[in-house]
Structures are given as structure tokens and as C-alpha cells.
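Residue numbering for the sequence shown follows our numbering, beginning at 220 and increasing consecutively. The block underneath contains the structure these notes are about, expressed in C-alpha cells.
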Amino acid sequence: MDYRKSKAPSNTVTRDVQELWKDTGNIYESVAIIAKRANQISVEIKQDLSKKLAEFASYNDSLDEVFENREQIEISRYYEKLPKPTLLASQEFIDGDVYWRDPSKEAQNEEED
220 MDYRKSKAPS NTVTRDVQEL WKDTGNIYES VAIIAKRANQ ISVEIKQDLS KKLAEFASYN
280 DSLDEVFENR EQIEISRYYE KLPKPTLLAS QEFIDGDVYW RDPSKEAQNE EED
């Protein structure tokens with residue numbers, strides 16, 4: 220996923236609490252969903268960055284030699300400028316792009332039927 224094309228802001232934004240809990244009915248549940256999605260995004264970004272930087276890795280035993288690779292620096296700068304995973308997850312949640320389910324509520328509904 221190209222996180223640069225996301226509508227998420229790059230800096231901290233004050234969110235309307237009413238907007239966060241309207242889908243779940245509980246602000247804490249909404250925050251938990253956003254936190255879990257942020258962890259998923261963080262893992263995806265880290266794997267993507269590691270894969271791209273591995274292409275430029277040099278396996279030298281000498282600690283004295285440090286090579287500055289221009290492409291590697293540009294890739295790192297790109298990832299530094301991305302919005303933080305929590306901001307991306309919050310925007311996805313507000314836009315309705317996050318799927319979640321609560322197994323305990325599903326079990327209660329089955330018992331009532």
C-alpha cells in the first residue's frame with residue numbers, strides 16, 4: 220500500500236471524540252481497534268523498508284568503512300516523511316476503511332437467538 224497517497228495528516232491532529240465512537244458505541248473499543256490497526260501498519264512499513272534497504276546492504280566485516288549510498292538515504296528520507304502509523308490508522312477508521320468484529324458480541328447474539 221502506498222501510504223504517501225493517504226489522506227492522513229503528517230502531524231498531530233485533534234479528533235472529534237463523537238466521530239471516533241459512533242461506529243462502535245464505545246470510545247475505548249474504537250481506540251483499541253485503531254491501536255491494533257496501527258500495529259499492523261507499522262509492521263507492514265517496517266517490512267517494506269527492510270526489504271528495500273536489504274538491496275543496498277554491504278556485508279563487510281570492517282567497522283571502519285562506512286559507505287553512504289545515495290539511494291539508501293533517499294529511501295530512508297521517504298519513510299521518515301510518511302505519516303505515523305497511528306495517524307494512518309485513525310484516518311482509516313474515520314473513513315470506514317477498517318474492518319473489525321467482536322467475537323464476544325457475536326456469541327451473545329447467537330445465545331439470544
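Just so you know, even glycine gets a beta-carbon here, dropped at the ideal spot from N, CA and C.
With a cut-off of 8 Å on Cβ pairs, the segment 296-307 is not in contact with the segment 234-251, counting fewer than three such pairs. By the Cβ test, the segment 303-317 is in contact with the segment 249-262, since at least three Cβ pairs between them sit closer than 8 Å.
At least 8 Å separates the beta-carbon of residue 291 from that of residue 268. Here the alpha carbons of residue 321 and residue 330 stand approximately 15 Å from one another. The three-state reading of DSSP puts residue 267 in helix, counting H, G and I together. If you draw a straight line from the Cα of residue 325 to the Cα of residue 319, it is about 12 Å long. Just so you know, the alpha carbons of residue 274 and residue 265 end up roughly 15 Å apart. By the neighbour-count definition (other C-beta atoms within 10 Å, threshold 16), residue 249 is a buried residue. The beta carbon of residue 228 is closer than 7 Å to those of 302, 306 in its chain, skipping five residues each way along the sequence. Under the three-state reduction of DSSP, residue 314 is assigned to helix.
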